[in-house]
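Its first residue numbered 415, the sequence shown is counted upward by one per residue in our numbering.
Glycine included, each C-beta is placed from N, C-alpha and C at the ideal position.
For clarity, every value in this text was computed on a predicted model and none was experimentally measured.
Read through the structure below, which is laid out as structure tokens, and then see the notes.
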Amino acid sequence: MPDLVVGVDGGNSKTDLVLADTEGRLLSWVRGPGTRPHTEGMEITTERLADLGRHALAEAGLPDTTPVSVGAYFLANVDRRAQERLALRQLTRLGVADRTLVRNDTLAVLRAGAPDGWGVAVVSGAGINAAAVHPGGRSARFLSLGDLTGDWGGGLAVARAGLGAAVRAGDGRGPATRLRKTLPGHFGLDSVESVALAVSSGDIPVTALHGLAPLVFVTAADGDAVARGIVERLGDEIVVMVTALLRRLRLLRTPTPVVLGGGTLQNDQVLLRDHIRARLATEAPLARPGVLDVPPIAGALREALLTAGAPAAVQHRLREAMAERKPPPLLTDGTCPPE
């Protein structure tokens, strides 16, 4: 009987969990809320991950006591070794798998998109992060504590910048922008000032602002200079992160894959990707940027399969299955509550 493996990609806005076996069958794929141990605590976070695993077993028609050989958990907001160790202890206590691995979610993108397992990975989803692995095994990443460590980027940052620019355009502090017209309708309101007030009062959660990011990209693509400036700022920040990691690992003179993943990079954001490629051609000409063509969860699943000793053909078959399969809806049954 083939072993069961679990791959988990826990992002800021959602968590994907895939159950497969070492013969190459994709048994289930479930999606729960974001992985946020920094605000919810590691105990709640890991218990929710265990619940998600039980949902995956149930969806596959298996009892929740069915043993899982390997669980590879790639989690956002687990940025330091101490956090990885804490998450590993909690998941081991919960018995999610016979062997459990915990990594930062950025490395799932690298596993999914870099065939040899080394290079640079950038994740720009709701937030932003990047990490790099040297061919010799050394790694580099960032502290990633938000404003405290100088971080900027991802969908939420783009949305906030767009809203702020639109308000500034209205009160005379900034240049005119069509963002004043394109943004408020997302929340059914008539002005960006109303949106700002609703966020300030708590009527609109700050996390919901992430939904404005696609509108900023669309407005930029339509030629709005202010929106374009925000998109280019994101691209500049991504290039700064990539070149910093290449420099730290002394890879600037080595042809190096750069895997771009996460919603704001994997969606059809041609303007952003073209800007990144143009800047990298100048700043790091040997970098080889490419957009991830599968969901990041495929990288977590690959790590689980590698650990379980699954052959390369099985890994390839499941990667193709992940590329073709439509992501599941968010579970909202109470065990995994909506955001």
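{"Asked": "Considering only the beta carbon of each residue, do His624 and Leu557 sit closer than 7 angstroms?", "Found": "no"}
{"Asked": "Can you confirm whether the stretch 501-515 touches the stretch 694-709 when touching is taken to mean that 3 or more C-beta pairs between the two stretches lie within less than 8 angstroms?", "Found": "no"}
{"Asked": "Can you list the alpha helix (DSSP H) stretches of 4 or more residues lying completely in the stretch 538-592, in chain order?", "Found": "569-585"}
{"Asked": "Quick check: the Cα distance between Ser553 and Ala545, rounded to an integer number of angstroms?", "Found": "7 angstroms"}
{"Asked": "Give the DSSP-derived three-state secondary structure of Lys428 in the structure shown.", "Found": "strand"}
{"Asked": "Helix, strand or coil: which one does DSSP assign to Thr480?", "Found": "coil"}
{"Asked": "Under 8 angstroms by Cβ, that's how I've got Ala612 and Leu603 pegged, so tell me the actual separation to the nearest angstrom.", "Found": "7 angstroms"}
{"Asked": "Short of 7 angstroms in beta carbon distance, which residues of its chain neighbour Val581, apart from the five on each side in sequence? Order them along the chain.", "Found": "Val606, Glu607 and Ala610"}
{"Asked": "Let me confirm a value: Ile652 is counted as buried when at least 16 other C-beta atoms fall within 10 Å, else exposed. Which label applies?", "Found": "buried"}
{"Asked": "Helix, strand or coil, according to DSSP, for Ala522 in the structure here?", "Found": "helix"}
{"Asked": "Compute the distance between the beta-carbons of Val444 and Ala464, then report whether it is under 7 angstroms.", "Found": "no"}
{"Asked": "Helix, strand or coil for Arg517 per DSSP?", "Found": "strand"}
{"Asked": "Could you pull out every residue in the same chain whose Cβ sits closer than 6 angstroms to the Cβ of Glu646, ignoring the five residues on either side in sequence?", "Found": "His689"}
{"Asked": "What ranges does the alpha helix (DSSP H) occupy inside the stretch 428-462, keeping only unbroken runs of at least 4 residues that lie completely in it?", "Found": "451-454"}
{"Asked": "Please go through the same chain and pick out, in chain order, the residues whose beta-carbon is closer than 7 angstroms to the beta-carbon of Glu738, but skip the five residues on each side of it.", "Found": "none"}
{"Asked": "Output yes or no for whether 7 angstroms exceeds the beta carbon distance between Arg687 and Arg525.", "Found": "no"}
{"Asked": "Provide the residue span of the alpha helix (DSSP H) that contains Val708, from first to last.", "Found": "No alpha helix (DSSP H) holds Val708; DSSP gives it neither H nor E."}
{"Asked": "With DSSP run on the structure shown, which of helix, strand or coil describes Val492?", "Found": "coil"}
{"Asked": "Apart from the five residues just before and just after Leu706, which ones in its own chain have a Cβ nearer than 7 angstroms to its Cβ?", "Found": "Val523, Ala526, Gly527, Val673, Leu674, Gly675 and Gln680"}
{"Asked": "Using the Cα positions of Val632 and Arg587, report the straight-line distance between them to the nearest angstrom.", "Found": "23 angstroms"}
{"Asked": "Ignore the nearest five residues each way along the sequence and tell me which others in Trp532's own chain have a CB closer than 7 angstroms to its CB.", "Found": "Val547, His548 and Pro549"}
{"Asked": "Using alpha carbons as the reference points, say which of Pro671, Leu502 and Ser483 lies closest to Val492.", "Found": "Leu502"}
{"Asked": "Which stretch, first to last residue, makes up the beta strand (DSSP E) that contains Thr670?", "Found": "Thr670 to Gly675"}
{"Asked": "Using 10 angstroms around the beta-carbon of Ala726, count the other beta-carbons present and answer buried if the total reaches 16, otherwise exposed.", "Found": "exposed"}
{"Asked": "Run through the stretch 595-654 for me and flag every whole alpha helix (DSSP H) of 4 or more residues, listed as ranges in chain order.", "Found": "606-615 and 627-635"}
{"Asked": "Alpha carbon to alpha carbon, how far is Asn543 from Gly643?", "Found": "21 angstroms"}
{"Asked": "In the DSSP assignment, find the unbroken alpha helix (DSSP H) run with Asp688 in it and report its ends.", "Found": "Val684 to Glu697"}
{"Asked": "I need the straight-line Cα distance from Leu597 to Leu431, nearest angstrom please.", "Found": "33 angstroms"}
{"Asked": "Which same chain residues end up closer than 6 angstroms to Ala735 when comparing Cβ atoms and leaving out the 5 residues on each side of it in sequence?", "Found": "Leu440"}
{"Asked": "Check whether the Cβ atoms of Ala712 and Arg691 sit closer than 7 angstroms, and answer yes or no.", "Found": "no"}
{"Asked": "Taking all protein chains shown into account, do 16 or more other C-beta atoms lie within 10 angstroms of the C-beta of Ala434, making it buried, or fewer, making it exposed?", "Found": "buried"}
{"Asked": "Under DSSP, the alpha helix (DSSP H) around Val728 begins and ends at which residues?", "Found": "Ala726 to Glu738"}
{"Asked": "From the DSSP output, read off the bridge partner residues of Val420.", "Found": "Leu433 and Gly485"}
{"Asked": "Under a Cβ-count criterion, where at least 16 other Cβ atoms within 10 Å of its own Cβ denotes burial, should Met655 be classed as buried or exposed?", "Found": "buried"}
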